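Following: one structure in structure tokens, then a few remarks.
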Amino acid sequence: MNPIHKKALEVVAKFKQAEADLISILQEIEDHRVFMKLGYTSLFNYCVQALGLSESVTSNFVTVARKARHAPVLQAAILNGTLSVSKARKITSVLTLENQDEWVEKAKQMTTRKLEQEVARVATREAMPERLRFVSEDRLELQLGISKATEEKLRRVQDLESQRTARSVSLEETLETLLEVYLDSKDPMERARRVMKRRSAEPDNDAYASVTGHTKQPKPSENRKLVTAIVRHQVHLRDEGQCTHLNAHGERCENRRWIDAHHVRPRSLGGANTPENLILLCSAHHRMEHEKEKNQRAK
Numbered sequence: 003m004n005p006i007h008k009k010a011l012e013v014v015a016k017f018k019q020a021e022a023d024l025i026s027i028l029q030e031i032e033d034h035r036v037f038m039k040l041g042y043t044s045l046f047n048y049c050v051q052a053l054g055l056s057e058s059v060t061s062n063f064v065t066v067a068r069k070a071r072h073a074p075v076l077q078a079a080i081l082n083g084t085l086s087v088s089k090a091r092k093i094t095s096v097l098t099l100e101n102q103d104e105w106v107e108k109a110k111q112m113t114t115r116k117l118e119q120e121v122a123r124v125a126t127r128e129a130m131p132e133r134l135r136f137v138s139e140d141r142l143e144l145q146l147g148i149s150k151a152t153e154e155k156l157r158r159v160q161d162l163e164s165q166r167t168a169r170s171v172s173l174e175e176t177l178e179t180l181l182e183v184y185l186d187s188k189d190p191m192e193r194a195r196r197v198m199k200r201r202s203a204e205p206d207n208d209a210y211a212s213v214t215g216h217t218k219q220p221k222p223s224e225n226r227k228l229v230t231a232i233v234r235h236q237v238h239l240r241d242e243g244q245c246t247h248l249n250a251h252g253e254r255c256e257n258r259r260w261i262d263a264h265h266v267r268p269r270s271l272g273g274a275n276t277p278e279n280l281i282l283l284c285s286a287h288h289r290m291e292h293e294k295e296k297n298q299r300a301k
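So in the numbering used here, spot 17 of the sequence shown is number 19, and the numbers just go up one at a time.
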């Protein structure tokens, strides 16, 4: 056997073993929530930030690791080196406990292109995966598949916006209009700005009371556990609607999803529902803070 070819085979064998080992350790890390103990909000963030894997590689390995946990045939194929993670990733959307033998065998036998076609035949959503990529410094290309019903709604908004502006509006402009309308009505940051602007324009509470005999101060809540809307607005504006957790390197969590208001001093210890005692945390860091408080009380 050619010595260079022999060396290539040895490297490939090590590569397949490394893939299998990484799948196994990721499953173990998730089982024991190791990433949370190290301050990471998710297994995905841990892989990217702590292990230095790219987002695309991380997505593949995390998806396959989770699917393989519930599909023993897939798990075995990866561990014994007969199926690569990249091919396994392509069948995760269609693979179930009932059809795993069929799809794992297809993944082993088919070329990547043929396998993609077969998956797309039974899973149309996978035929066009969602993707955003830069095409210039300040322009991105958006790729996604949409249903016929969604296309009809989009075209209807495009027609209405064209009618309103008396010109032909592009799909990009239509999407921009939809986003602006949604954010204006649903974004807590926008609501907070409107409320605070309105309150700043109201008469001074003390001056108003001296003239009218009434107060504009809100009545105390009967339930002291409730955080008033105005306090939530103040906290959202101050923290810019973003998790305030700092990691070991002093870097702020970038999460703006699943945001909770967290009491720095717990209510059970007399913590008040004031902006000074509230910070925004994503749900993962919120859980971590409460676990930390629980462990401290147990000592």
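Don't be surprised by glycine CBs; every beta carbon is placed ideally from N, CA and C.
Bear in mind the structure is a predicted one, so any value in this text is a computation, not a measurement.
*Out of curiosity, what's the CA-to-CA distance linking P222 and M38?*
Confidence is the limiting factor: at P222 the pLDDT is only 45, short of 50, which leaves the residue's position unreliable, though a coordinate-based value still follows. Spanning the two alpha carbons is a distance of roughly 38 Å.
*Uninterrupted alpha helix (DSSP H) stretches inside the region 134-175 (no shorter than 4 residues)*: Listed in chain order, the complete alpha helix (DSSP H) runs (minimum 4 residues) inside the region 134-175 are 150-167.
*asked:* Does the contact criterion of 3 or more C-beta pairs under 8 Å hold for the region 11-18 versus the region 56-70?
replied: Taking 8 Å as the limit for Cβ pairs, the verdict is that the region 56-70 does not touch the region 11-18.
*When the distance is taken between beta carbons, is R234 closer than 8 Å to T246?*
No, the pair does not count as a contact, with Cβ atoms beyond the cut-off.
*For T230 and E45, the rounded distance between their alpha carbons*: Note that residue 45 is Leu in the sequence shown, not Glu. Rounded to the nearest angstrom, the gap between the Cα atoms of L45 and T230 is 34 Å.
*Is the Cβ-Cβ distance between E163 and T176 less than 8 Å?*
Yes, they are a contact pair.
*Please check the pair V96 and V75, which I expect to be a contact at CB under 8 Å, by giving their CB distance rounded to whole angstroms.*
Not quite, the Cβ-Cβ distance comes to about 14 Å (not below 8 Å), so this is no contact.
*asked:* Which runs of the alpha helix (DSSP H) at least 4 residues long sit entirely within the region 24-60? Give them in chain order.
replied: You should have 36-39.
_Would the region 266-276 count as touching the region 21-29 if we require 3 or more Cβ pairs under 8 Å?_
No, because fewer than three Cβ pairs between the region 266-276 and the region 21-29 fall closer than 8 Å, the two stretches do not touch.
*Best match in E143, E204, A274 and G243 for proximity to K188 [C-alpha to C-alpha]*: Considering only alpha carbons, the answer is G243.
*May I ask you to list the residues that DSSP assigns as paired with L248?*
Paired residues: R254.
_According to DSSP, simplified to helix, strand and coil, what is S241?_
For the sequence presented, residue 241 should be read as Asp rather than Ser. Residue state, collapsed to three classes: helix.
_Within the continuous beta strand (DSSP E) that includes A300, where are the two ends?_
In this chain, A300 is not harboured by any beta strand (DSSP E); it is covered by the alpha helix (DSSP H) spanning S285 to A300.
*On a CA-only basis, which of N62, L283, A90 and L228 is nearest R240? Give me that one, please.*
It is L283 whose Cα lies nearest to the Cα of R240.
*I93 bridges to which residues according to DSSP?*
DSSP lists no partner for I93.
_Spatially closest choice to R259 from G252, T43 and P131, by CA coordinates_ = When G252, T43 and P131 are compared, the shortest CA-CA separation from R259 is found for T43.
_L85 in three-state terms, based on DSSP_ = Reduced to three states, the DSSP call for L85 is coil.
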